[in-house]
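Protein chains in written order, with this note's numbering: chain U, 708 to 1010; chain A, 2 to 271.
The block underneath contains the structure these notes are about, expressed in structure tokens.
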């Protein structure tokens, strides 16, 4: 019996193509059914009035064309969430990339021993659970007992209600997110720096270039592909801001930290306005797509 | 020399600053109620206690959430490693119609944010009766495109002659996969295993949507939920954060070499 099975198996696998399909099938079927179909379904749902009544009985579902999208564009809260998300992306992405690059340059310097130790210290926030560290930072930002205000008191800064003040809430989330993420890009930058041929610097030194000139004329151009990759993945990640405001501010104060994903989550999974929520998800997708294309285009022009 | 000292000083200060939140977290988790809410804040507990951990495990049943997180992260890691490695191998070493088109379709769809899929996925899993079960977390994690990509890139470097000679010896395709490809791909499999384990452990939005009951919550969801009722109990919340972070740090410390390599691989390849 087992010999016969073995024989069938062999015969089946002889033709390389059926073996390829055998290996591909589990992953491709899962990705098709649980990723591609949902993407298409979300697109369709975004043109319907899918809500809590449709959830109970699908026959209540109606196509309403572009109404969700036009409602969205007329909704003050959506624009608020979009503004906040852009604020976060535009401020946090370049800052965190700059910090990552700075850390990578220092750690790549020949003067530094114990590189692995410092690298580890900078990297630990990356692997830790976002929700857990967001909770830690919520207490660090505490207006009365928080560590931050205490440390700032030494340089004469009066206590600030970091997360409760509409002006400071988003910068606080940005600071925390830079702290959490810069180690990741730092590692990629270090890899990029190590790929720059040493001779380039030697030649530049012979010609009398100072450190700043070397950085500007060699390091930055040679790192350009790495930098564009980093800025794309950082931007995509930052557009998906959710857990930090969810845990630290619940989108407040005065909706100053409400993000697009959080707005989508609320509409879809708290109020069950799933058609409307799907349209938010798609607008986010379009923005991320456009942002990525824009960065690729800039890369092509500068290259 | 002065430059060197300045550099070390800078690195030490910033390194310490990076770690301060963790130091304070651990310290506050070992304090009695109210002892972390003082001015000036304490860096070291005045009295050490495991009281917060006791109440998390006895009163708040966090053991159950820890169990959920562990089981789900391990299951998703094992299953997806299996699925991804098979597909990655097929993309690297088989010729079949539409291979390159399919692969570039997969790669370009990586730009679609997961949030887009969440509403229909929720409805599908609800129809299947999987919402608030382990299946709700496992199913969307069965395979992932980044994992397939990583393994394909790695498997490309395996010489064809190795596979050919095994085939001559009468090995079936599955035997080749099992006894040649998998062992040779071990470093990248470990890398991918850490990525997947950490990704599942740290994930928040999807578990928040798909798990609806406290006994089914993973640690991050349970923690966020707990935060709602305990905004004035930093000591308890820090203990919860410690429990959530420690397992992931252990995995990282043991396997950090592979993890760092994986990030470099993903970054430089592009």
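We treat Cβ as the ideally placed atom computed from N, Cα and C, and that holds for glycine.
Does chain A have any CB closer than 8 Å to the CB of residue 978 of chain U? In the first chain, counting from the first residue as 1, residue 978 of chain U sits at position 271. For residue 978 of chain U, the answer is no, since every Cβ of chain A falls outside 8 Å of its Cβ.
Check distances from the C-beta atoms of the stretch 845–874 of chain U to those of chain B and list, in chain order, the residues that come in under 8 Å. Protein chains in the displayed structure are U and A, and chain B is not among them.
Closest by C-alpha distance to residue 981 of chain U, when choosing among U:729, U:755 and U:730: Taking the first residue of the first chain as 1, we reach residue 981 of chain U at position 274. It is U:755.
Any idea if residue 39 of chain A is buried or exposed, counting beta-carbon neighbours within 10 angstroms, 16 or more meaning buried? By one-based count along the second chain, residue 39 of chain A stands at place 38. Classification of residue 39 of chain A: exposed, given that the 10 Å Cβ count is below 16.
Indicate the three-state DSSP secondary structure (helix, strand or coil) for residue 730 of chain U in the structure shown. On the first chain, residue 730 of chain U is found 23 positions in, with the first residue counted as 1. DSSP places residue 730 of chain U in helix when its eight states are reduced to three.
Where residue 109 of chain A falls, given that 16 or more other Cβ within 10 Å makes a residue buried: To locate residue 109 of chain A, count along the second chain from 1; it is residue 108. Exposed, by the Cβ-count rule.
Among residues of its own chain, excluding the 5 on either side of residue 989 of chain U, which ones have a beta-carbon nearer than 6 Å to its beta-carbon? Numbered from its first residue, the first chain carries residue 989 of chain U at position 282. So the list reads 753, once near-sequence residues are dropped.
Going along the chain, which residues of the stretch 19–44 of chain A sit with their C-beta nearer than 9 Å to a C-beta in chain U? 19, 20, 21, 22, 23, 25, 26, 29, 37, 38, 39, 40, 41, 42 and 44
Give the single residue among U:949, U:939, U:954 and U:943 whose Cα lies nearest to the Cα of residue 1004 of chain U. What you label residue 1004 of chain U is simply residue 297 of the first chain in a count that begins at 1. Among U:949, U:939, U:954 and U:943, the Cα nearest to that of residue 1004 of chain U belongs to U:939.
Considering only residues of the same chain and omitting the five flanking positions on each side of residue 29 of chain A, which have a CB-CB separation below 7 Å? Translated into the one-based positions of the second chain, residue 29 of chain A becomes position 28. 37, 235, 236 and 239.
What in chain A is Cβ-close to residue 752 of chain U, meaning under 9 Å? Walking along the first chain from the start, residue 752 of chain U turns up at place 45. By Cβ distance, chain A contributes 120, 121 and 124.
Kindly list the residues whose CB is nearer than 6 Å to the CB of residue 866 of chain U, restricted to its own chain and excluding five residues on each side of it in sequence; keep chain order. As a working mapping, residue 866 of chain U is identified with position 159 in the first chain. Excluding positions up to five away in sequence, the list reads 850 and 856.
Residues from the stretch 934–960 of chain U in contact with chain A, defined by Cβ distance under 8 Å: 936, 937, 943, 946, 947, 949, 950, 953 and 954
Hey, residue 903 of chain U and residue 926 of chain U are a contact pair by Cβ (cut 8 Å); roughly how many whole angstroms apart? Position 196 of the first chain holds residue 903 of chain U. Position 219 of the first chain holds residue 926 of chain U. With a Cβ gap of about 7 Å, residue 903 of chain U and residue 926 of chain U count as contacting.
Please classify residue 974 of chain U as buried or exposed, where buried requires at least 16 other C-beta atoms within 10 Å of its C-beta. The residue you call residue 974 of chain U lines up with position 267 of the first chain. Classification of residue 974 of chain U: buried, given that the 10 Å Cβ count is 16 or more.
Does any residue of chain U have a CB that is nearer than 8 Å to the CB of residue 151 of chain A? Here residue 151 of chain A refers to the residue found at position 150 when the second chain is read from its first residue. Chain U contact via Cβ: absent.
Within the same chain, show all residues whose beta-carbon is closer than 8 Å to that of residue 966 of chain U, passing over the 5 residues directly before and after it, in chain order. Walking along the first chain from the start, residue 966 of chain U turns up at place 259. So the qualifying residues of the chain are 788, 791, 792, 795, 948, 949, 952 and 958.
Does DSSP put residue 770 of chain U in a helix, in a strand, or in coil? Here residue 770 of chain U refers to the residue found at position 63 when the first chain is read from its first residue. DSSP places residue 770 of chain U in strand when its eight states are reduced to three.
Around the Cβ of residue 51 of chain A, are there at least 16 other Cβ atoms within 10 angstroms (buried) or fewer (exposed)? In the second chain, residue 51 of chain A corresponds to position 50, counting from 1. Flag for residue 51 of chain A reads exposed.
Starting from the beta carbon of residue 832 of chain U, find every residue of chain A whose beta carbon is closer than 7 Å, and list them in chain order. As a position in the first chain, residue 832 of chain U is number 125, starting the count at 1. Residues of chain A passing the Cβ test: 19.
Coarse secondary structure for residue 78 of chain A, derived from DSSP in three states: On the second chain, residue 78 of chain A is found 77 positions in, with the first residue counted as 1. If DSSP states are grouped into helix, strand and coil, residue 78 of chain A belongs with the helices.
Could you tell me the alpha carbon to alpha carbon distance between residue 10 of chain A and residue 909 of chain U, rounded to whole angstroms? As a working note, residue 10 of chain A is residue 9 in the second chain. As a working note, residue 909 of chain U is residue 202 in the first chain. Near 28 Å, if we compare the C-alpha coordinates of residue 909 of chain U and residue 10 of chain A.
Along the alpha helix (DSSP H) that carries residue 25 of chain A, what are the first and last residues, could you check? Translated into the one-based positions of the second chain, residue 25 of chain A becomes position 24. Looking at the DSSP string, the run of the alpha helix (DSSP H) that includes residue 25 of chain A is 3–30.
With 9 Å as the limit, tell me which residues of the stretch 233–251 of chain A have their beta carbon closer than that to any beta carbon of chain U; keep them in chain order. 235, 238, 239, 241, 242, 243, 244, 245, 246, 249 and 250
Residues in the stretch 972–998 of chain U having any Cβ partner in chain A nearer than 8 Å: 972, 975, 976, 981, 984, 985, 988, 989, 991, 992, 995 and 996
Which two residues bound the contiguous alpha helix (DSSP H) that contains residue 137 of chain A? Translated into positions along the second chain, residue 137 of chain A becomes position 136. Taken as a continuous stretch (DSSP letters only), the alpha helix (DSSP H) holding residue 137 of chain A covers 136–139.
Report the residues of the stretch 790–804 of chain U with a CB closer than 8 Å to any CB of chain A, ordered along the chain. none
Taking only beta-carbon atoms, is residue 1 of chain A less than 8 Å away from chain U? In the structure as shown, chain A begins at 2 and stops at 271. Residue 1 of chain A is therefore absent and cannot be evaluated.
Using a Cβ cut-off of 8 Å (strictly closer), state whether residue 167 of chain A contacts chain U. As a first step, residue 167 of chain A must be located in the second chain, where it is residue number 166. Taking Cβ atoms only, chain U never reaches closer than 8 Å to residue 167 of chain A, which makes this a no.
Does the beta carbon of residue 207 of chain A come closer than 8 Å to any beta carbon on chain U? To locate residue 207 of chain A, count along the second chain from 1; it is residue 206. Chain U, which has no Cβ nearer than 8 Å to the Cβ of residue 207 of chain A, makes this no.
Sequence-distant residues of the same chain with beta carbon closer than 7 Å to residue 822 of chain U, five excluded per side: Walking along the first chain from the start, residue 822 of chain U turns up at place 115. Same-chain partners within the cutoff: 814.
Are the beta-carbon atoms belonging to residue 159 of chain A and residue 260 of chain A less than 8 Å from one another? Here the question's residue 159 of chain A lines up with position 158 in the second chain. Here the question's residue 260 of chain A lines up with position 259 in the second chain. Contact flag unset, no.
Could you give the C-beta distance for residue 78 of chain A and residue 198 of chain A, rounded to a whole number, given that I count them as a contact under 8 Å? Mapped onto the second chain, residue 78 of chain A falls at position 77. Mapped onto the second chain, residue 198 of chain A falls at position 197. Indeed, because the Cβ distance is near 5 Å, the residues count as touching under 8 Å.
Return the CA-CA distance between residue 921 of chain U and residue 897 of chain U, expressed in angstroms with no decimal places. Taking the first residue of the first chain as position 1, residue 921 of chain U is located at position 214. Taking the first residue of the first chain as position 1, residue 897 of chain U is located at position 190. So the two alpha carbons sit approximately 17 Å from each other.
Using a beta-carbon distance cut-off of less than 8 Å, what residues from the stretch 172–201 of chain A approach chain U? 173, 174, 175, 178 and 199
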